[in-house]
Amino acid sequence: MTRIVLGSASKGRLRILRQAGIDPTVIVSNIDEDALIASLDPDMPPEAVVAKLANAKALSVAAQLPEELAADCVVIGCDSMLYFNGALCGKPGYEEAARDQWTAIAGSTGYLLTGHALLRIVAGVVTHAEGDTGSTTVHFGDPSEDELSRYIDSGEPLGVAGAFTLDGLG
Numbered sequence: 013m014t015r016i017v018l019g020s021a022s023k024g025r026l027r028i029l030r031q032a033g034i035d036p037t038v039i040v041s042n043i044d045e046d047a048l049i050a051s052l053d054p055d056m057p058p059e060a061v062v063a064k065l066a067n068a069k070a071l072s073v074a075a076q077l078p079e080e081l082a083a084d085c086v087v088i089g090c091d092s093m094l095y096f097n098g099a100l101c102g103k104p105g106y107e108e109a110a111r112d113q114w115t116a117i118a119g120s121t122g123y124l125l126t127g128h129a130l131l132r133i134v135a136g137v138v139t140h141a142e143g144d145t146g147s148t149t150v151h152f153g154d155p156s157e158d159e160l161s162r163y164i165d166s167g168e169p170l171g172v173a174g175a176f177t178l179d180g181l182g
């Protein structure tokens with residue numbers, strides 16, 4: 013039986029697959045996103061950057077597969093970044109960066125870019141690969157200082173692209 017492997021630590025992605033009746037094996041990639049982005053052509057279109065990240069994550073997971081999964085599986089690699097004011101914004105990582113991000117985006121519009129890479133693996137060999145990038149227009153509200161502080165204190169914006177989620181608190 014073909015197994016599905018989600019190469020992502022995203023609870024939202026896992027939830028979506030489970031809601032669709034798919035219970036994937038989760039293996040998180042070991043990709044250094046910042047280093048990979050730094051190695052790319054600075055003039056690369058943002059959609060291509062996100063696609064490269066998704067593909068790198070899928071390939072990283074494929075290289076980590078235990079033999080029983082590598083026999084017959086599909087690996088899904090994903091990456092999302094916010095494109096705002098001509099720049100890609102990743103995960104802020106810490107509270108001050110999340111606050112700065114929200115100060116910039118509040119009341120504005122940005123684009124959530126999500127890259128997807130799928131690798132079909134049979135007998136440990138990639139037999140087929142597909143990938144694409146989707147874009148979602150996001151109109152941001154203008155939270156009060158108290159609302160923003162509570163949101164940042166929740167921890168949610170620290171580990172997600174652009175310091176917000178479409179399927180959580182903010």
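Each residue of the sequence shown is one higher than the one before, counting from 13 in the numbering used here.
Glycine included, every Cβ here is placed at the ideal spot set by N, Cα and C.
Just so we're clear, the structure is a prediction, and the values are computed from it rather than from any experiment.
Judging by CA-CA distance, which residue of the options is the nearest neighbour of residue i?
| i | options | result |
| --- | --- | --- |
| V134 | S22, F96, D158, V87 | V87 |
| S92 | D35, I49, W114, G167 | I49 |
| S166 | T149, R27, R111 | R111 |
| G24 | H140, T126, G143 | T126 |
| D121 | S156, G33, N97 | Sequence check: residue 121 is Thr here, not Asp. Closest option to T121, Cα to Cα, is N97. |
| R30 | I39, L18, A99 | L18 |
| M13 | R132, A32, Y163 | R132 |
| A21 | V38, I34, I28, G33 | V38 |
| L160 | I34, A82, A109 | A109 |
| C85 | I28, L130, P155 | L130 |
| E142 | K64, C101, D55, G136 | K64 |
| A66 | S41, D154, T149, M56 | S41 |
| D55 | A99, R27, E79 | A99 |
| R15 | H140, A82, T149 | A82 |
| H151 | H140, F176, D144 | F176 |
| E59 | Y123, L71, R162 | Y123 |
| G146 | D158, L94, P155 | L94 |
| P36 | G89, V137, P155, D44 | G89 |
Decide if residue i is buried, meaning its Cβ has at least 16 other Cβ atoms within 10 Å, or exposed.
| i | result |
| --- | --- |
| Q113 | buried |
| V61 | buried |
| L178 | exposed |
| L52 | exposed |
| H128 | buried |
| A47 | exposed |
| I164 | buried |
| A32 | exposed |
| G174 | buried |
| G180 | exposed |
| I34 | exposed |
| I28 | exposed |
Could you check where the beta strand (DSSP E) with residue i kicks off and where it finishes?
| i | result |
| --- | --- |
| I234 | This structure cannot settle anything about residue 234, because the visible part of the chain is limited to 13 through 182. |
### Task
Tell me, please, whether the segment 111-119 touches the segment 72-80 by the rule of three or more beta-carbon pairs shorter than 8 Å.
no
### Query
Counting pairs of Cβ atoms below 8 Å between the segment 169-180 and the segment 97-114, do you hit three or more?
yes
### Message
Going residue by residue through the segment 37-108, where are the continuous alpha helix (DSSP H) segments of at least 4 residues, counting only ones entirely within it?
### Response
If we require 4 residues or more, the alpha helix (DSSP H) runs fully inside the segment 37-108 come out as 45-51, 58-76, 79-82.
### Task
Just list the beta strand (DSSP E) runs in the segment 115-179, keeping only unbroken ones of 3 residues or longer that don't cross its boundaries, in chain order.
121-134, 137-151
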